[in-house]
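2 protein chains.
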Amino acid sequence: MVNYETQVCTACRADAPRATQTQIEDFLHEYPNWELLESEGIPQLVRGYTFKNYAEALKFTNLVADLSEREGHHPAILLEWGKVRVSWWTHKFRGLHENDFIMSAKTDQLYNP
Amino acid sequence: MVNYETQVCTACRADAPRATQTQIEDFLHEYPNWELLESEGIPQLVRGYTFKNYAEALKFTNLVADLSEREGHHPAILLEWGKVRVSWWTHKFRGLHENDFIMSAKTDQLYNP
Numbered sequence: 002m003v004n005y006e007t008q009v010c011t012a013c014r015a016d017a018p019r020a021t022q023t024q025i026e027d028f029l030h031e032y033p034n035w036e037l038l039e040s041e042g043i044p045q046l047v048r049g050y051t052f053k054n055y056a057e058a059l060k061f062t063n064l065v066a067d068l069s070e071r072e073g074h075h076p077a078i079l080l081e082w083g084k085v086r087v088s089w090w091t092h093k094f095r096g097l098h099e100n101d102f103i104m105s106a107k108t109d110q111l112y113n114p
Numbered sequence: 002m003v004n005y006e007t008q009v010c011t012a013c014r015a016d017a018p019r020a021t022q023t024q025i026e027d028f029l030h031e032y033p034n035w036e037l038l039e040s041e042g043i044p045q046l047v048r049g050y051t052f053k054n055y056a057e058a059l060k061f062t063n064l065v066a067d068l069s070e071r072e073g074h075h076p077a078i079l080l081e082w083g084k085v086r087v088s089w090w091t092h093k094f095r096g097l098h099e100n101d102f103i104m105s106a107k108t109d110q111l112y113n114p
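Sequence order for the protein chains is A and B. Reading the first sequence from the start, the letters are residues 2 to 114 in this note's numbering. Reading the second sequence from the start, the letters are residues 2 to 114 in this note's numbering.
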């Protein structure tokens, strides 16, 4: 168990090590609400969250956005009525880094529907 | 020329008339930054907007969200670093209604990068 939510997202360089297949599998086992999806050839960690209305979904969007500004690492956030889908990956090398595990775990902590 | 930005979005029922092909073509001609795309079998009006950073993209997201709450008609908003993609369609009948033209035109009015 890694407890990514307690870790700090480190500044990521293009030559930073990519997450290994084992790390990815361990993360998905530990955080089963997240899925590994590929979009335009980029592996991403993706989770959908549901809310009782639009205002709550918007509030969560802003919490995730504020977190991402604080940590200097930004996801794609898809906001619709009553739902938000968050996708994390590392833009610098179009893949997954340990930071993406940390940010996914921290995103979960903001969810309080 | 219809000037959709001056119109008010009317409450939409499932039996409301769908936009005709001619109306859609006229809209796309008049508002060429918008594209007609299909997602999961649903025709949608889609436009991407660019910004100088994440904070500006988030600000625009909130403006569009506030507009949609005021008008009672909600788009999908995809927020990423420096860009926002807005998609309008009418959920009730999974298609396009005149309201979607009105909301697209009003979304443009919020864009001031």
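Ideal Cβ placement from N, Cα and C applies to all residues, glycine included. The structure presented is a predicted model; accordingly, all values stated were derived computationally and were not measured.
(request) Scan the region 35-53 of chain B for residues whose Cβ lies nearer than 7 Å to a Cβ of chain D and list them as they occur along the chain. (result) Any reference to chain D falls outside this structure, whose protein chains are A and B.
(request) In the DSSP assignment, find the beta strand (DSSP E) that holds B/Gln45 and state where it starts and stops. (result) 43-51
(request) Ignore the nearest five residues each way along the sequence and tell me which others in A/Lys107's own chain have a CB closer than 7 Å to its CB. (result) Glu6, Leu68
(request) Have a look at B/Trp82, B/His98, B/Phe52, B/Glu57 and flag the residue whose alpha-carbon is nearest the alpha-carbon of B/Pro76. (result) B/His98
(message) For the beta strand (DSSP E) containing B/Glu39, name the first residue and the last one.
(response) 36-40
(request) Report yes if the C-beta distance between A/Glu72 and A/Met104 is below 9 Å; otherwise report no. (result) yes
(message) Spatial neighbours of B/Asn100 within its chain, please: C-beta separation below 7 Å, excluding the five flanking residues on both sides.
(response) Cys10, Thr11, Cys13, His74, Thr91
(request) Using a Cβ cut-off of 9 Å (strictly closer), state whether B/Asn4 contacts chain A. (result) no
(request) Taking A/Gly83 and A/Tyr112 to be in contact with their CB atoms under 8 Å, please state how far apart those CB atoms are, rounded to whole angstroms. (result) Rounded, the Cβ-Cβ distance is 14 Å, inconsistent with contact.
(message) Please tell me whether A/Phe102 and A/Leu46 are closer than 9 Å, where the distance is taken between their beta carbons.
(response) yes
(request) With a 10 Å radius around its C-beta and 16 neighbouring C-beta atoms as the bar for buried, classify B/Thr115 as buried or exposed. (result) The structure shown has nothing for residue 115 of chain B, since chain B only spans 2 to 114.
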